[in-house]
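Protein chains in written order, with the numbering used here: chain L, 1 to 291; chain U, 1001 to 1173. Even for Gly, the Cβ is constructed at its ideal location relative to N, Cα and C.
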């Protein structure tokens, strides 16, 4: 009986370890290429999630989210005629994703951002024709307008062009660049430079890089972007199979001292604007009429 | 036959030469000229305006440099007294490096959006714009030019006539 129980645990362990091993391996960046938070000027930018900084957070996705499926089926950007297989090849790759750089960034006093650089190296059994699909969620949900400009010093909203906004969640980029009609992150003019190459960090079969940013201002006091980056197989026509994915992103908030001054200002304004003829009665909070 | 000490000295010398060459290469300025094709004479406070910029390969050989696809505005600086004008920029979700390749005499034309900050009365400014290619240690400046900032409504499309243009070459992504 004892032997049978041990055997059962061994089989279970083997099954579990097989399940854990399925999918790509993620290699985190070294300290020189990782920055969890950056605070300068009026804005603080923080990586979210950040498994390097917070042991409980993970990059890897368990499945393709329902919102991604909705967007690909006919969201802000349309992909007519394309088919997407979300299940049959999921976690069907065993190569390695090396995250070479993952840093909080702050390109301007009123902007928060992040930078991610990663290389995927195929295992011998992985599909050949690999691509990225990136899904974006604005945090909290807001309309992302690609040609809305902002004052980089104050974050004030300025002019807006003719391009329509994408609302809440969309396949990157908002407003497909149109060179291939597909949902891929690298378009057909870019992909040659991003496959089977070498960069400053090493060799790659498929490269990824992004340096997104959003404003943080009085209008948008907390703003960020949450990404789901999927490794997919493309058949060269209009059929895509999802293989694996990670999530990454950042959140920008006013720098703590700015927040404190703002709250103090609001408190003073509330005090200043209280109804005339009224006064407060100290700690009790009761309001007394004068005279 | 060289002994170990001599070989070590040769290796150190070669490393030194290599390092010197690399440094010299990095510090060699590109023949990149920054000119402005269309500049509003008046910027109205809080109203963004585009300035069309021409990067011109003034050398006699091809050159290449790096830019951001969405955030190329971060590669620019404004030289001015105070901060009466600033750069206006969009948010970006997809912002990737691009390599611009210019033949000798070729140009890369792209606009940059500016915003004037509220002022009391009209303010005359003398400004210059500086561009720093990605991974370059050097910034390339335009000639200084004049414009004024108006606190109220004023003609915003009173552009200077564009200067004569050398042959244009579209960038290769």
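Going by DSSP in three states, residue 128 (chain L) sits in which element: helix, strand or coil? Position 128 of the first chain, counted from the first residue, corresponds to residue 128 (chain L). Residue state, collapsed to three classes: coil.
How many Å lie between residue 1049 (chain U) and residue 1115 (chain U) at the Cα? For the purposes of this step, residue 1049 (chain U) is taken as residue 49 along the second chain, with counting starting at 1. For the purposes of this step, residue 1115 (chain U) is taken as residue 115 along the second chain, with counting starting at 1. Cα-Cα distance, rounded: 6 Å.
To which residues of the same chain is residue 1096 (chain U) closer than 6 Å at the C-beta, ignoring the five residues directly before and after it? Here residue 1096 (chain U) refers to the residue found at position 96 of the second chain. Contacts found: 1069.
Under three-state DSSP, which class holds residue 1074 (chain U)? Within the second chain, numbered from 1, the residue matching residue 1074 (chain U) stands at position 74. In the three-state scheme derived from DSSP, where H, G and I count as helix and E and B as strand, residue 1074 (chain U) is classed as helix.
Going along the region 1080 to 1096 of chain U in order, which residues come within less than 9 Å of chain L, judged by CB to CB distance? Those would be 1083, 1086, 1087, 1088, 1089, 1090, 1091, 1092, 1093, 1094, 1095 and 1096, in chain order.
Over the uninterrupted beta strand (DSSP E) stretch that includes residue 169 (chain L), give me the two end residues. The residue given as residue 169 (chain L) occupies position 169 in the first chain. Element bounds for residue 169 (chain L): 169 to 171.
Closer than 6 Å by C-beta to residue 241 (chain L): which residues in its own chain qualify, once you throw out the five before and the five after it? Chain order, please. Counted from its first residue, the first chain places residue 241 (chain L) at position 241. Taken in chain order, the residues that qualify are 85, 89 and 233.
Quick one: what's residue 208 (chain L) bridged to in DSSP? For the purposes of this step, residue 208 (chain L) is identified with residue 208 of the first chain, where counting begins at 1. Within the DSSP bridge table, the entry for residue 208 (chain L) names L:118 as partners.
Whole-number beta carbon distance between residue 1045 (chain U) and residue 1151 (chain U), since they are thought to touch under 8 Å: Position 151 of the second chain, counted from the first residue, corresponds to residue 1151 (chain U). Position 45 of the second chain, counted from the first residue, corresponds to residue 1045 (chain U). In this structure, residue 1151 (chain U) and residue 1045 (chain U) form a Cβ contact; the two beta carbons are roughly 5 Å apart against a cut-off of 8 Å.
When the cut-off is 8 Å and only beta carbons count, does residue 209 (chain L) lie next to chain U? Position 209 of the first chain, counting from 1, holds the residue named residue 209 (chain L). Nearest CB-CB separation between residue 209 (chain L) and chain U: below the 8 Å threshold.
Determine, using beta-carbon pairs with one atom in the region 109 to 116 of chain L and one in the region 205 to 223 of chain L, whether at least three such pairs fall under 8 Å. The region 109 to 116 of chain L, when compared against the region 205 to 223 of chain L, does touch it at the 8 Å Cβ threshold.
Proximal chain L residues relative to residue 1071 (chain U), where beta-carbon distance stays under 8 Å: For the purposes of this step, residue 1071 (chain U) is identified with residue 71 of the second chain, where counting begins at 1. Contact of residue 1071 (chain U) with chain L by beta-carbon distance below 8 Å involves 107, 211 and 213.
Shorter than 8 Å from the beta carbon of residue 47 (chain L) to some beta carbon of chain U? Counted from its first residue, the first chain places residue 47 (chain L) at position 47. Proximity of residue 47 (chain L) to chain U, defined by a Cβ-Cβ separation below 8 Å, is not satisfied.
Would the region 182 to 193 of chain L and the region 87 to 101 of chain L be scored as touching if the rule is three or more Cβ pairs under 8 Å? Short answer: they don't touch.
Among the residues of its own chain, which have a CB less than 7 Å from the CB of residue 1061 (chain U), if the five just before and after it don't count? Residue mapping note: residue 1061 (chain U) aligns to position 61 of the second chain, counting from 1. Cβ neighbours of residue 1061 (chain U) beyond the five flanking positions: 1104.
Looking at the C-beta of residue 146 (chain L), does it have a partner C-beta in chain U at a distance below 8 Å? Sequence index remark: in the first chain, residue 146 (chain L) carries index 146 (1-based). Interface residue (Cβ-Cβ distance to chain U less than 8 Å): residue 146 (chain L) is classified as such.
Taking the alpha carbon of residue 1113 (chain U) as the point to measure from, which residue in U:1129, U:1028 and U:1082 has its own alpha carbon closest? Here residue 1113 (chain U) corresponds to residue number 113 of the second chain, with the count starting at 1. For the residues U:1129, U:1028 and U:1082, the minimum Cα distance to residue 1113 (chain U) belongs to U:1129.
Cβ neighbours of residue 1063 (chain U) in the same chain (closer than 6 Å, five flanking residues each side left out): Numbered from its first residue, the second chain carries residue 1063 (chain U) at position 63. Beyond the five residues adjoining it in sequence on each side, residue 1063 (chain U) comes within less than 6 Å, by CB distance, of 1030, 1057 and 1102 in the same chain, given in chain order.
By DSSP, does residue 1138 (chain U) sit in helix, in strand, or in coil? On the second chain, position 138 is the one that residue 1138 (chain U) refers to. It is coil, neither helix nor strand.
Comparing C-alpha positions only, which one of L:252, L:247, L:254 and L:251 sits nearest to residue 60 (chain L)? Position 60 of the first chain, counting from 1, holds the residue named residue 60 (chain L). Comparing alpha-carbon positions, the option among L:252, L:247, L:254 and L:251 lying closest to residue 60 (chain L) turns out to be L:247.
Give the DSSP-derived three-state secondary structure of residue 57 (chain L) in the structure shown. Walking along the first chain from the start, residue 57 (chain L) turns up at place 57. Residue state, collapsed to three classes: coil.
Does the CB of residue 1152 (chain U) have a neighbour CB from chain L at under 8 Å? Residue mapping note: residue 1152 (chain U) aligns to position 152 of the second chain, counting from 1. For residue 1152 (chain U), no CB of chain L lies under 8 Å from its own CB, so it is not counted at the interface with that chain.
Under 8 Å, Cβ to Cβ, is there at least one residue of chain L near residue 1107 (chain U)? Position 107 of the second chain, counted from the first residue, corresponds to residue 1107 (chain U). With its beta carbon at least 8 Å from every one in chain L, residue 1107 (chain U) lies outside the interface.
Between the Cα of residue 108 (chain L) and those of L:220, L:72, L:36 and L:40, spot the shortest distance and give me the residue it belongs to. Here residue 108 (chain L) is taken as the residue at index 108 of the first chain, counted from 1. Distances from the CA of residue 108 (chain L) to each of L:220, L:72, L:36 and L:40 were compared; the closest alpha carbon is that of L:40.
For a contact meaning CB atoms closer than 7 Å, what does residue 1048 (chain U) contact in chain L? Position 48 of the second chain, counted from the first residue, corresponds to residue 1048 (chain U). Residues of chain L whose Cβ lies closer than 7 Å to the Cβ of residue 1048 (chain U) are, in chain order, 149, 158 and 159.
Quick one: what's got a C-beta closer than 7 Å to residue 1144 (chain U)'s C-beta in the same chain, skipping five residues either side? As a working note, residue 1144 (chain U) is residue 144 in the second chain. The residues 1126, 1127 and 1128, in chain order, have a CB closer than 7 Å to that of residue 1144 (chain U) in the same chain once the five nearest residues on each side in sequence are set aside.
Nearest to residue 1089 (chain U) by alpha carbon, out of L:221, L:204, L:224 and L:147? In the second chain, residue 1089 (chain U) corresponds to position 89, counting from 1. Here the closest residue by C-alpha is L:147.
Quick one: what's residue 1056 (chain U) bridged to in DSSP? Within the second chain, residue 1056 (chain U) is the residue found at index 56, counting from 1. When DSSP reads this structure, residue 1056 (chain U) sits in a beta bridge with U:1033 and U:1107.
Contact list for residue 1068 (chain U) against chain L, beta-carbon separation under 8 Å: The sequence position of residue 1068 (chain U) within the second chain is 68, counting from 1. Chain L residues near residue 1068 (chain U): 211.
Coarse secondary structure for residue 1116 (chain U), derived from DSSP in three states: For the purposes of this step, residue 1116 (chain U) is taken as residue 116 along the second chain, with counting starting at 1. In the structure shown, residue 1116 (chain U) sits in a strand (DSSP, three-state: E or B).
For residue 1098 (chain U) and residue 1067 (chain U), which I take to be in contact (beta-carbon distance under 8 Å), what is that distance rounded to the nearest angstrom? For the purposes of this step, residue 1098 (chain U) is taken as residue 98 along the second chain, with counting starting at 1. For the purposes of this step, residue 1067 (chain U) is taken as residue 67 along the second chain, with counting starting at 1. The beta-carbon separation of residue 1098 (chain U) and residue 1067 (chain U), rounded to 5 Å, stays under the 8 Å limit for a contact.
Counting contacts by CB-CB distance shorter than 8 Å, is residue 205 (chain L) in contact with chain U? Residue 205 (chain L) sits at position 205 when you count from the first residue of the first chain. With 8 Å as the cut-off, residue 205 (chain L) does not count as an interface residue toward chain U.
Per the DSSP calculation, residue 1099 (chain U) is bridged to which residue(s)? Counting from 1 along the second chain, the entry for residue 1099 (chain U) is found at position 99. According to DSSP, residue 1099 (chain U) bridges with U:1066.
Rounded to the nearest angstrom, how far is the Cβ of residue 100 (chain L) from that of residue 1094 (chain U), given a contact under 8 Å? In the first chain, residue 100 (chain L) corresponds to position 100, counting from 1. In the second chain, residue 1094 (chain U) corresponds to position 94, counting from 1. Incorrect: roughly 18 Å between the Cβ atoms, too far for contact.
Here's the rule: buried if 16 or more other CB atoms are within 10 angstroms of the residue's CB, otherwise exposed. What is residue 1141 (chain U)? Locating residue 1141 (chain U) in the second chain gives position 141, counting from the first residue. With fewer than 16 other Cβ atoms inside 10 Å of its own Cβ, residue 1141 (chain U) counts as exposed.
Three or more C-beta pairs below 8 Å linking the region 122 to 138 of chain L and the region 220 to 234 of chain L: Cβ pair count under 8 Å is three or more, so yes.
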